[in-house]
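Numbering (full-length UniProt numbering), first residue to last: 1 to 406. C-beta atoms are modelled at their ideal positions from N, C-alpha and C, and glycine is treated no differently. The structure appears below as C-alpha cells.
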C-alpha cells in the first residue's frame, strides 16, 4: 500500500532519476506507475529497488503505518501534560522522515504547534500556523477544528483574549471530539471578567478531565471554577475548597499547580482584607515558582500591593521588591508586568501625579489593548476618584461614563 510513496520519497531524497533507480531492474514507465500507485508489482521488484536505495521497505512501511497511532499518543500526552512523554515522542517523530508523505502530515504540523506553545515558543508556533492557514482547504474537518484550537491557545499566550474567544467559539465539537478546548475558553472568559461563562466552560472541561482520569487538569478546572465564586456567604466553603486542592496537588506531586492554588488562596484573603494571611500565601506561592516566569511576577506584584495596603512591610523593602520585579519584566519582555511595576514604583514613592499620568497615558491604553478587563475597570475607578478629588469635573464625568457603559 505504501511502497510506491516510500520509493518515490527516497529516490527524490537521494536525487536519483527514475531511470537511474530502475537500471537493470525495471523500466522507467513501471517505476512511474509504482510511485503513483497505478500498477501491481512484484515483491522482488520492490526488494531490488529498496535495496538500491539502501532502505528496508518493511520497516519503512511500518513507520508510515504507525504515524497516526504515535500522533494520537502525542496529543494525549499533551492534553495530560506528561512532560517527559511529550518530549520523548517529539524527538521520536522528528526522526520519522516519512511524515511529510503521510496523510497525517498536517496533523503532525498542528500538534507541533501545540508542542511549541507548550514550551512557550510563540514565534516558531505562529510561523507554522501561518503556513497551515494557506492550505486550510486541504485540511480534514478534525484538522480544521484543531487549527482553531491551537490558534485560540496562541491568542491566549499573546494575551489577546477576545480573539481567543472568537476563534475557540467556532470549533465544532461534533467534528473535533476534544472537550479540552472548553478549558481554554474558560481561561479567556475569566481573564476578561465574564465569571458566568468562565464557570460554565470550566465545569464542562472539569467533566471531561474527570472522565478521562486526567487528575492534574481536574485540579486546573476546579481551581478556575472556584475563582469565579464571589458569594461571600460561602467564605468558609471557598477556603476549604482551596485547601483541598492544595492537598490534591501534594498527592499528585504537582508543585507548579500548588503554587497557583496558593496564589489564588492569597488573593482570596486579599479580597477580604486579611492582609497577613494573603502575603503569607503569596510568599509560599513565589517560593515554588521560577523567578523569571510571569507567574512569579504576578504573585510578586500582588504581594507588594497587599503588603503596602496592609502596611505590613516598610516602603524601602517594597521599593526594592518592585525594582526587582521591573528588572525581571524588562529582561523577559513582559510588557504587562513592566507597566504594573512602574505603576507600583510611582505609588510606593508617593509620586501621585506621575502615577496617574502614567496610568491614563500608557497603562489604561495597554490594558485595554490586551483585553485585561479587571485592570481596565480598576484603572477607570482609580482615575474617577483621582479626578473627583482634584476637582477635574469633566474628566471625572468621562471616567464615570466609561464605568456606566462598561
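I need the boundaries of the alpha helix (DSSP H) containing residue i, first residue and last residue.
| i | result |
| --- | --- |
| residue 95 | From DSSP, residue 95 is part of no alpha helix (DSSP H); its letter is neither H nor E. |
| residue 24 | Where residue 24 is concerned, there is no enclosing alpha helix (DSSP H), given that its DSSP letter is neither H nor E. |
| residue 368 | 364-370 |
| residue 183 | 181-191 |
| residue 208 | 195-211 |
| residue 148 | 141-157 |
| residue 163 | 161-168 |
| residue 113 | 105-118 |
| residue 51 | 43-53 |
| residue 29 | 28-35 |
| residue 72 | 57-80 |
| residue 13 | 3-13 |
| residue 373 | 373-389 |
| residue 392 | From DSSP, residue 392 is part of no alpha helix (DSSP H); its letter is neither H nor E. |
| residue 123 | 122-134 |
| residue 334 | Careful: residue 334 lies outside any alpha helix (DSSP H) and carries neither H nor E. |
| residue 314 | Segment: none, residue 314 is in no alpha helix (DSSP H) and carries neither H nor E. |
| residue 224 | 215-228 |
| residue 292 | Premise fails: residue 292 is in no alpha helix (DSSP H) and is neither H nor E. |
| residue 175 | 173-176 |
| residue 357 | 352-358 |
Just how far apart, CA to CA, sit residue i and residue j?
| i | j | result |
| --- | --- | --- |
| residue 371 | residue 247 | 33 Å |
| residue 218 | residue 212 | 10 Å |
| residue 12 | residue 332 | 44 Å |
| residue 47 | residue 70 | 27 Å |
| residue 22 | residue 31 | 7 Å |
| residue 136 | residue 401 | 44 Å |
| residue 275 | residue 194 | 26 Å |
| residue 263 | residue 363 | 24 Å |
| residue 60 | residue 180 | 34 Å |
| residue 316 | residue 301 | 15 Å |
| residue 368 | residue 374 | 10 Å |
| residue 273 | residue 250 | 28 Å |
| residue 29 | residue 68 | 32 Å |
| residue 383 | residue 237 | 35 Å |
| residue 281 | residue 227 | 16 Å |
| residue 341 | residue 8 | 58 Å |
| residue 147 | residue 139 | 9 Å |
| residue 178 | residue 349 | 50 Å |
| residue 359 | residue 66 | 56 Å |
| residue 357 | residue 188 | 29 Å |
| residue 171 | residue 318 | 46 Å |
| residue 381 | residue 365 | 15 Å |
| residue 16 | residue 49 | 12 Å |
| residue 292 | residue 361 | 27 Å |
| residue 199 | residue 152 | 18 Å |
| residue 398 | residue 159 | 27 Å |
For residue i, does the count of other Cβ atoms within 10 angstroms reach 16, so buried, or fall short, so exposed?
| i | result |
| --- | --- |
| residue 141 | exposed |
| residue 110 | buried |
| residue 221 | buried |
| residue 214 | buried |
| residue 162 | exposed |
| residue 72 | exposed |
| residue 150 | buried |
| residue 51 | exposed |
| residue 390 | exposed |
| residue 334 | buried |
| residue 173 | exposed |
| residue 196 | exposed |
| residue 320 | exposed |
| residue 191 | buried |
| residue 287 | exposed |
| residue 113 | buried |
| residue 10 | buried |
| residue 260 | buried |
| residue 92 | exposed |
| residue 241 | buried |
| residue 376 | buried |
| residue 19 | exposed |
For residue i and residue j, which I take to be in contact (beta-carbon distance under 8 Å), what is that distance rounded to the nearest angstrom?
| i | j | result |
| --- | --- | --- |
| residue 176 | residue 205 | At roughly 14 Å, the Cβ-Cβ gap does not stay under 8 Å, so residue 176 and residue 205 are not in contact. |
| residue 347 | residue 355 | 6 Å |
| residue 64 | residue 2 | 5 Å |
| residue 108 | residue 154 | Contact flag wrong, Cβ pair sits at about 17 Å. |
| residue 257 | residue 298 | Rounded, the Cβ-Cβ distance is 15 Å, inconsistent with contact. |
| residue 4 | residue 35 | 5 Å |
| residue 268 | residue 239 | 7 Å |
| residue 157 | residue 117 | 6 Å |
| residue 307 | residue 328 | So it is not a contact: roughly 18 Å between Cβ atoms. |
| residue 323 | residue 345 | 7 Å |
Closer than 7 Å to a non-hydrogen atom of the ligand SAM - does that hold for the CB of residue i?
| i | result |
| --- | --- |
| residue 86 | Inclusion of the ligand SAM in the displayed structure is not the case, the ligand content being empty and no account of it being possible. |
Sequence ranges, alpha helix (DSSP H) only - wholly within the segment 261-289, length at least 4: 275-287
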